[in-house]
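Undergrad: Under our numbering, the letters of the sequence shown match residues 16 to 265, in that order.
Glycine included, every Cβ here is placed at the ideal spot set by N, Cα and C.
Here it is, the structure in full.
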Amino acid sequence: MSPAGVLVLGGTAEARRLAAALHRDPGFTVTTSLAGRVAVPRLPCGEVRIGGFGGADGLAAWLRGHGTDAVVDATHPFAARISANAVAATTAAGVPLLVLRRPGWTEGPGDRWHRVPDAATAASVAPELGDRLFLATGSGDLPAFAGVDAWCLLRAVDPPPPPLPRRHHLVLARGPFTTDGERALLREHRIEALVARDSGGELTAAKLVAARELGLPVVLIDRPPAPPAPSVTSVPEALEWLAATLAARR
Ligand code: NAP
């Protein structure tokens, strides 16, 4: 029997772990798709393609053209457009879709979180909490802060495009970050409030732990709605779903 072809929509640590597991299994061939946002991406095992598909129609055409048996949307929880495209394209092409998404974070004792629905609301709430902000959001959220008067620390893998907050300092760095490192960064820049997205996961939680230890308020941007598709939160669950779904198709 020929191996089943799986397209992993990637750009996350979960996607790389899933690709590695599928690559080891002779029952699968795996292709990971990356958007091409990062100049030097961390490459997963298996085949890799880079760049947009040209919307849902382009993705559906790619699926048909490559005889894809299943798609796993393992993109970042805030990458809403590609997730919506994946739903539309897999429906059109008749290919099963699974969403692999790590759980969001939960507030614990000592946390001072202010949950907000979007970056625009974060930009109006955060300056009420401090004059020196650490905007630990994705680059795509930074334009929402262009009008704030507060001083802002920004951190990104590659320089973010404008518009950016008027008074800012940019640190170029790629995670994961340690709690010690995050605490030192918050202290060094005398940060008074942190803005972050509810990305979830261990790799990016250190800033929240450091903020809790320093007693700092956090403005946490809620996730966009989950795509309407079967969903799991871990790589082993995704592997189980793929085995069951693809066995049923043969
Ligand atoms: P987005 O707004 O949902 O997607 C915008 C467009 O980028 C999509 O319509 C698609 O173009 C293309 N695209 C996105 N992900 C793609 C993928 N994996 N493969 C091929 N094309 C993709 O996405 P985003 O928020 O810009 O994120 C881009 C990528 O970075 C995602 O793969 C995500 O996993 C990763 N990432 C994002 C964040 C974040 O904060 N959003 C954080 C870490 C990693 P076409 O319509 O032309 O196909």
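Between R227 and the rest of its own chain, which residues show a CB-CB distance below 6 Å, the 5 nearest in sequence each way excluded?
TA: Same-chain partners within the cutoff: G125, D126.
Undergrad: Verify whether the separation of the beta carbon atoms of S154 and A137 is less than 8 Å.
TA: No, the Cβ-Cβ distance between S154 and A137 is not below 8 Å.
Undergrad: By the DSSP assignment, the alpha helix (DSSP H) with I270 in it spans what residues?
TA: Residue 270 lies beyond the stretch modelled for the chain, which goes from 16 to 265, so this question has no answer here.
Undergrad: What three-state label does DSSP hand S154 in the structure shown?
TA: The answer is helix: DSSP assigns S154 an H, G or I state.
Undergrad: To the nearest angstrom, how far is it from the Cα of A35 to the Cα of P59?
TA: Their backbone Cα atoms lie some 7 Å apart in a straight line.
Undergrad: Please state the DSSP three-state secondary structure of S98.
TA: It is helical.
Undergrad: How big is the Cα-Cα spacing for R130 and V45?
TA: Distance between the alpha carbons of R130 and V45 is about 37 Å.
Undergrad: Mark L112 as exposed unless 16 or more other C-beta atoms lie within 10 angstroms of its C-beta, in which case mark it buried.
TA: The residue is buried, with at least 16 neighbouring Cβ atoms inside 10 Å.
Undergrad: Whole angstroms is fine: what's the gap from R121's alpha carbon to A225's?
TA: Checking the displayed sequence, the identity of residue 121 turns out to be Thr instead of Arg. Going from the Cα of T121 to the Cα of A225 covers about 15 Å.
Undergrad: Excluding the 5 residues flanking G20 on each side, which residues of the same chain have their C-beta closer than 7 Å to its C-beta?
TA: Around G20: T44, H81, G82, T83, D84.
Undergrad: Applying the 10 Å Cβ sphere with the 16-neighbour rule, what's the burial state of A105?
TA: Sequence check: residue 105 is Thr here, not Ala. Classification of T105: buried, given that the 10 Å Cβ count is 16 or more.
Undergrad: Determine, using beta carbons only, whether S48 and L22 come nearer to each other than 8 Å.
TA: Closer than 8 Å, so yes.
Undergrad: Starting from T136 and walking both ways along the alpha helix (DSSP H), at which residues does that stretch end?
TA: First-last of the alpha helix (DSSP H) with T136: 134-144.
Undergrad: Does P251 have its Cβ less than 8 Å from a Cβ in chain C?
TA: This model lacks chain C altogether; it includes just one protein chain.
Undergrad: Going residue by residue through the stretch 192-262, where are the continuous alpha helix (DSSP H) segments of at least 4 residues, counting only ones entirely within it?
TA: Here the runs fully enclosed are 194-203, 221-228.
Undergrad: Return the chain-ordered list of same chain residues with a C-beta closer than 7 Å to the C-beta of R147, the five sequence neighbours on each side being excluded.
TA: These residues qualify, in order along the chain: A165, W166, H204, R205, I206, E207.
Undergrad: Is there at least one non-hydrogen atom of the ligand NAP closer than 7 Å to the beta-carbon of G319?
TA: The structure shown does not extend to residue 319, since the chain spans only 16 to 265, so no value can be given for it.
Undergrad: Alpha carbon to alpha carbon, how far is D133 from L187? Give it in angstroms, no decimals.
TA: In a straight line, the C-alpha of L187 is about 24 Å away from that of D133.
Undergrad: Identify every residue that forms a DSSP beta bridge with D88.
TA: Beta-bridge pairing links D88 to L24, V114.
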